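Mapping of the sequence shown onto full-length UniProt numbering: position 347 corresponds to residue 347, and the numbering continues sequentially without gaps. Each remark here refers to the structure printed beneath this line.
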Amino acid sequence: MDVSVENDRAPPGEAAGLLRHLNPEQLAAVTLPAGNALILAGAGSGKTRVLTTRIAWLVQTGQVSPAGVMAVTFTNKAAKEMLTRLSTLLPVNPRGMWIGTFHGLCNRFLRAHWKLAGLPQGFQILDAQDSVSAVKRIVKAMKLDEERYIPKQCAWFIAGAKEDGLRPQHIEVRDELTRTQQAIYQAYEDQCQREGVVDFAELMLRTYELMRDHAELRQHYQRRFRHILVDEFQDTNRLQYAWLKMFAGTDNNVLAVGDDDQSIYAFRGARVGNMADFEREFHVQQVVKLERNYRSFGNILDSANALIAHNSRRLGKNLRTEAGPGEPVRVFEATSDFAEAQWFLDEARQLQRDGSPRSEIAVLYRSNAQSRVIESALFNAGVPYRVYGGLRFFERAEIKHALAYLRLIENPNDDTSFLRVVNFPTRGIGTRTMELLQDAARSSGRSLWQSVGAIAGKGGSNLGAFTALVDAMRDATRGLTLREIIEHVVQSSGLADFYRNEKEGAERLENLDELVNAAEAFVTQEGFGKDAVALPVDEQAGRIAERLPAAVALVDTQPDAETGEIMSPLAAFLTHAALEAGDNQAQAGQDAVQLMTVHAAKGLEFDQVFITGLEEGLFPHENAAADLDGLEEERRLMYVAITRARKRLYLSFSQTRMLHGQTRYNLKSRFFDELPEAALKWLTPKLQGFGSGYARDYQAAWQRGTGLGSMVGAGRVVPASAPAAFEAQARSTPNGLRSGQGVFHTKFGEGVIVTLEGIGADARAQVNFGRHGMKWLALSVAKLTPVD
C-alpha cells in the first residue's frame with residue numbers, strides 16, 4: 001500500500017533538524033517505519049537527499065549504528081556524493097559505513113574473506129581490456145581461429161554467463177560454437193585462478209557464491225546490516241538482485257529506490273521487472289512516490305507524463321512542479337538533417353545572445369551516428385562543442401580505421417595509417433613481424449610499405465597480402481565517386497564484416513554508414529565553383545536542392561604552384577576529416593555546447609535541451625519498435641530525454657535524412673502523437689522559394705567563378721537542374737583542348753585527358769598519366785602541351 005504523504009512525525013532533538021527542509025513525500029520516505037519499502041523516485045525529485053537523510057535519521061534516532069548500514073549504488077560519482085552529504089549530516093566519519101557501488105562493495109567483501117574465496121590476499125582486478133587480452137592468449141594457446149572466436153566476443157560471452165550466475169559447467173551446450181566458448185570460459189577461469197586475478201563480473205559472482213554456500217558467513221552479514229538501501233534499483237540485473245537477497249535474508253530492512261520509468265539499460269542486462277519482483281518477494285507493504293519535481297517547468301513535465309502513460313507495465317506516478325508552466329515545448333520540422341542542424345545552430349546562437357552559457361545547451365540524439373551532421377554545423381561555425389560520454393565523430397575507432405585505409409589508397413607511404421590497419425581486422429601479422437619491418441624501414445630510410453619486400457617467411461607473406469589488398473582497392477576505386485570509394489573500402493577491407501560480428505558492432509556500422517554521408521556532405525559543400533574538388537555541377541545540383549549546408553570552403557584546394565595539380569576529392573576529404581577532428585575541440589573548463597546520446601544523458605540536466613531526429617525508425621529505433629518490450633523501453637528513453645530539460649525543451653525531426661548511405665524519407669515519430677498538444681508550440685520552417693532573380697544570381701555566380709556555393713551561402717536553394725545555358729557553359733571545351741586528347745606535362749610526362757571542366761581561369765582537366773595515376777590539373781598553371 002502507498003504510505004500517506006501526510007506523515008508528519010518529527011522526532012525531538014538533533015534528528016528533527018534533518019527533516020526541516022523535506023517536502024511531505026520526502027518526509028514520509030525518510031521516516032518510514034521498519035520493514036521493506038519501495039521508493040518510486042521521479043526525475044528531479046530529490047532522491048539522493050532522501051537516501052542520505054534516511055541513513056542519517058536512522059543513525060541519529062538510534063535505530064541502527066553506522067556499521068549496520070549498507071547503501072549500494074551504480075556509479076562511483078553517486079557513492080562519493082552520498083558520502084559527502086552524510087559527512088555534513090552526521091557527527092561520525094561515514095567512510096566506515098559500507099557505502100559504494102556493487103563492485104566496490106564486493107571488492108571490500110572479498111578483501112576481508114580472500115582465503116575463503118580461494119584468492120591471494122593481494123588479488124588484482126582485471127579491467128575490460130585486460131580481460132580481452134587474457135582471452136586472446138587463451139584462444140591463441142588453444143590454436144583456435146581468431147576470425148571465428150573473436151577474443152572480445154568471447155570475453156562478452158564469459159561476462160554475460162557470470163552475470164546470469166553461470167559457471168562453465170552450467171552452460172547449456174547447443175552446438176559446436178557454444179561448446180568451444182564453454183571450453184574458452186573454463187580455460188579463462190583456470191588461468192585467472194592461477195594468476196590470482198578477478199574481473200568485474202567475478203567480483204559479483206564470487207561474493208554471491210560465498211554468501212550462498214557458507215551459512216555462517218551469510219548469517220553474520222545478515223545480522224550486521226540491519227538496514228540495506230539500494231539506489232537506481234531499476235538498473236539491477238539478475239545477479240545483483242540475487243546478491244541482494246543473500247545479504248537481506250528475511251528479517252532485514254531493505255529500502256529500494258528507483259524509477260521504473262527510467263529503466264533504459266536492458267542491453268546491459270538491466271531488468272526492470274526486478275522492481276515488481278522486489279515488491280512481491282519482499283512482501284513490500286510501504287510504497288512512497290516522490291512526484292514533486294524540482295528541475296523542470298510544467299509544460300516539460302506534462303509532456304513527460306503524457307508520453308510515459310502510454311506504457312502499460314509500470315508502477316505508476318505523475319511528476320508535478322510548483323514552478324509554473326514555463327515556456328511551451330518547441331517543435332521544429334526540418335526539410336533535411338542538414339537543415340535541422342542549421343536550425344539548431346541558429347537557436348543556440350540566439351540562446352547564447354540571451355545569456356545562456358553554451359554548457360547549458362545540450363543536444364540529445366538516439367544514435368551516436370547522428371552527431372556527425374551537428375558536429376559539422378558547429379565546426380563550420382567555429383562553435384566549440386564537447387561530445388559527452390563518447391568520442392567526436394572523426395575520433396571514433398571505426399572511423400579512424402576506415403580513414404587509414406583511404407589514406408593508404410591515396411598515399412601508401414603513410415606509416416601512421418599503415419600501422420593502424422596492417423593487422424586490423426586481424427590477418428596474422430604479429431608483433432615480431434612488425435618489429436622486423438620497422439627495423440628494415442629505418443635502416444633503408446624507406447617507408448613501411450616500401451620495406452615489405454624485405455621481410456621473409458609467413459610474416460612477409462601476410463604483409464604482402466595486406467599491400468596487395470590495398471593495391472586492389474586502389475585499382476577497383478579508380479573513376480568512382482567519393483561516396484562509392486568509401487563504400488567499397490569499408491566492405492573490401494573487412495571492416496564491415498568485423499563489426500557485424502561484434503556484440504555492439506551495430507552502432508559502429510551506423511557510424512561507418514555515416515562516414516559515407518559525411519563524404520556526400522563534403523562534396524555538396526565543396527563541389528562548386530573554382531574550389532571544386534569533386535563531381536561536375538550538373539551532377540550535384542539535384543543533391544544540393546535537398547539540403548541547406550553553409551557553403552564554407554573548409555579545405556584549401558588551390559592548385560599546386562609548380563605542377564598545377566588539384567587536390568583529389570579523396571585527398572581533400574581526408575584533409576577535411578583531419579581538420580575537423582583537430583579543430584573546435586573544447587578545452588578543459590571552456591564553455592562548450594554539449595552533445596550526447598540519450599543514454600549518456602541519464603543523470604544530467606541542462607537549462608536548454610534539444611532532442612533531435614524524432615522520426616519513425618530512428619526514435620523509436622527500428623530495431624526496438626517491433627515488439628512491446630522494445631517499444632516501451634524506447635518510450636522510457638524518450639521520457640529520460642524530456643526530463644533532462646530545466647527551462648526550455650526543443651524537439652525536431654526531418655523530412656529527409658541520410659542514413660546508411662541513403663537518403664531516407666521519414667515520418668515523424670509516433671511519440672509526437674503521445675504528447676499534449678497544449679504544451680507544444682510548432683515552429684514553421686522558413687524556406688526561400690525561387691523568384692525571378694534566381695537565374696540572374698545563378699549566372700552572376702558563374703561569371704564570378706564562385707559557382708553555386710555563393711548562392712547556398714546566401715541561403716538560396718539550388719533547383720534540381722540548372723538552366724541549360726549554364727550547364728552548357730560549364731561543359732564548354734576550355735583552352736582549345738578536348739577529352740581524349742594526348743598531352744604532355746613537364747613532371748608527369750605524357751597522359752590522356754579524361755575530363756574537362758570550367759572556363760577561363762577556372763578551367764581544369766582530369767588527366768590519366770599512366771603510372772602516375774589520375775591527376776586533376778588547373779590549366780592556368782599546368783600549361784599542358786597537346787600531343788598528336
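Virtual Cβ for every residue (Gly too), placed ideally from N, Cα, C. Note that the structure is predicted; figures quoted are calculated from it, not measured.
Report the option in the options whose CA atom is closest to the CA atom of residue i.
{"i": "Thr101", "options": "Ala679, Leu86, Ala117, Glu81", "result": "Glu81"}
{"i": "Asn76", "options": "Val92, Gly104, Asn93, Pro91", "result": "Gly104"}
{"i": "residue 865", "options": "His227, Ala276, Val272", "result": "No statement about residue 865 is possible, as the shown extent of the chain runs from 1 to 788 and does not include it."}
{"i": "Asp607", "options": "Ser367, Gly118, Leu651, Ser296", "result": "Ser296"}
{"i": "Asp415", "options": "Glu232, Gly390, Arg446", "result": "Arg446"}
{"i": "Thr663", "options": "Ile486, Val767, Asp337, Leu777", "result": "Asp337"}
{"i": "Glu322", "options": "Arg174, Ala341, Asn293", "result": "Asn293"}
{"i": "Gly457", "options": "Thr250, Thr178, Leu437, Arg644", "result": "Leu437"}
{"i": "Ala763", "options": "Leu495, Gly736, Met774, Pro786", "result": "Gly736"}
{"i": "Asn666", "options": "Gly613, Met638, Lys681", "result": "Gly613"}
{"i": "Gly464", "options": "Val135, Asp439, Val422", "result": "Val422"}
{"i": "Val64", "options": "Glu189, Ala334, Asn253", "result": "Asn253"}
What separation, rounded to the nearest whole angstrom, lies between the Cα atoms of residue i and residue j?
{"i": "Ser492", "j": "Met473", "result": "7 Å"}
{"i": "Phe769", "j": "Arg478", "result": "13 Å"}
{"i": "Leu784", "j": "Val754", "result": "14 Å"}
{"i": "Leu83", "j": "Arg108", "result": "16 Å"}
{"i": "Asp583", "j": "Phe418", "result": "For Asp583, the predicted model reports a pLDDT of 48, less than 50, meaning its position is unreliable and no value from the coordinates is stated."}
{"i": "Val363", "j": "Arg167", "result": "43 Å"}
{"i": "Gly42", "j": "Asn368", "result": "27 Å"}
{"i": "Asp251", "j": "Ala37", "result": "13 Å"}
{"i": "Ala276", "j": "Glu291", "result": "19 Å"}
{"i": "Lys747", "j": "Ala782", "result": "10 Å"}
{"i": "Ala183", "j": "Leu203", "result": "21 Å"}
{"i": "Ala545", "j": "Glu279", "result": "Low confidence applies to Ala545: its pLDDT is 30, below 50, so where it sits in the model is not reliable, and the reading given next is rough at best. Each residue's alpha carbon lies about 57 Å from the other."}
{"i": "Gly160", "j": "Phe267", "result": "11 Å"}
{"i": "Lys647", "j": "Glu327", "result": "7 Å"}
{"i": "Glu677", "j": "Glu632", "result": "21 Å"}
{"i": "Leu345", "j": "Ala381", "result": "8 Å"}
{"i": "Asn411", "j": "Asp475", "result": "13 Å"}
Could you tell me whether the Cβ atoms of residue i and residue j are closer together than 9 Å?
{"i": "Val230", "j": "Glu25", "result": "no"}
{"i": "Val609", "j": "Ala641", "result": "yes"}
{"i": "Ser165", "j": "Ala215", "result": "Here the sequence assigns Gly to residue 165, which means Ser is not the residue at that position. The answer is no: Cβ separation not under 9 Å."}
{"i": "Ala34", "j": "Asp302", "result": "no"}
{"i": "Leu482", "j": "Glu435", "result": "no"}
{"i": "Pro384", "j": "Leu391", "result": "no"}
{"i": "Val593", "j": "Arg353", "result": "no"}
{"i": "Asp259", "j": "Gln234", "result": "yes"}
{"i": "Thr597", "j": "Arg432", "result": "no"}
{"i": "Gly196", "j": "Gln286", "result": "no"}
{"i": "Arg49", "j": "Leu90", "result": "no"}
{"i": "Pro66", "j": "Gly17", "result": "no"}
{"i": "Val489", "j": "Ile611", "result": "no"}
{"i": "Tyr639", "j": "Leu307", "result": "yes"}
{"i": "Glu615", "j": "Arg657", "result": "yes"}
{"i": "Leu217", "j": "Gly44", "result": "no"}
Could you tell me the boundaries of the alpha helix (DSSP H) in which residue i lies?
{"i": "Thr467", "result": "457-476"}
{"i": "Val373", "result": "371-381"}
{"i": "Arg137", "result": "128-141"}
{"i": "Leu239", "result": "238-248"}
{"i": "Pro151", "result": "151-163"}
{"i": "Pro24", "result": "24-30"}
Where do the ends of the beta strand (DSSP E) carrying residue i lie?
{"i": "Leu595", "result": "593-597"}
{"i": "Lys47", "result": "Per DSSP, Lys47 belongs to no beta strand (DSSP E); it is in the alpha helix (DSSP H), 47-60."}
{"i": "Lys289", "result": "286-290"}
{"i": "Gln766", "result": "764-768"}
{"i": "Met70", "result": "69-73"}
{"i": "Gly258", "result": "253-258"}
{"i": "Ile409", "result": "It is not in any beta strand (DSSP E) - Ile409 instead sits in the alpha helix (DSSP H) that spans 397-410."}
{"i": "Gly742", "result": "742-745"}
{"i": "Thr101", "result": "98-101"}
{"i": "Ala183", "result": "Element bounds for Ala183: not the beta strand (DSSP E) but the alpha helix (DSSP H), 176-195."}
{"i": "Phe606", "result": "606-611"}
{"i": "Thr335", "result": "329-336"}
- Message: So, does the stretch 454-473 touch the stretch 424-434, judging by three or more C-beta pairs under 8 Å?
- Response: Counting C-beta pairs with one atom in each stretch, the stretch 454-473 and the stretch 424-434 have three or more that are closer than 8 Å, which means they touch.
- Message: Under 8 Å, with one C-beta from each stretch per pair, do the stretch 394-412 and the stretch 505-515 reach the 3-pair mark?
- Response: Flag = yes, the stretch 394-412 and the stretch 505-515 touch.
- Message: Quick check: the stretch 665-677 against the stretch 649-657, are at least 3 beta-carbon pairs closer than 8 Å?
- Response: yes
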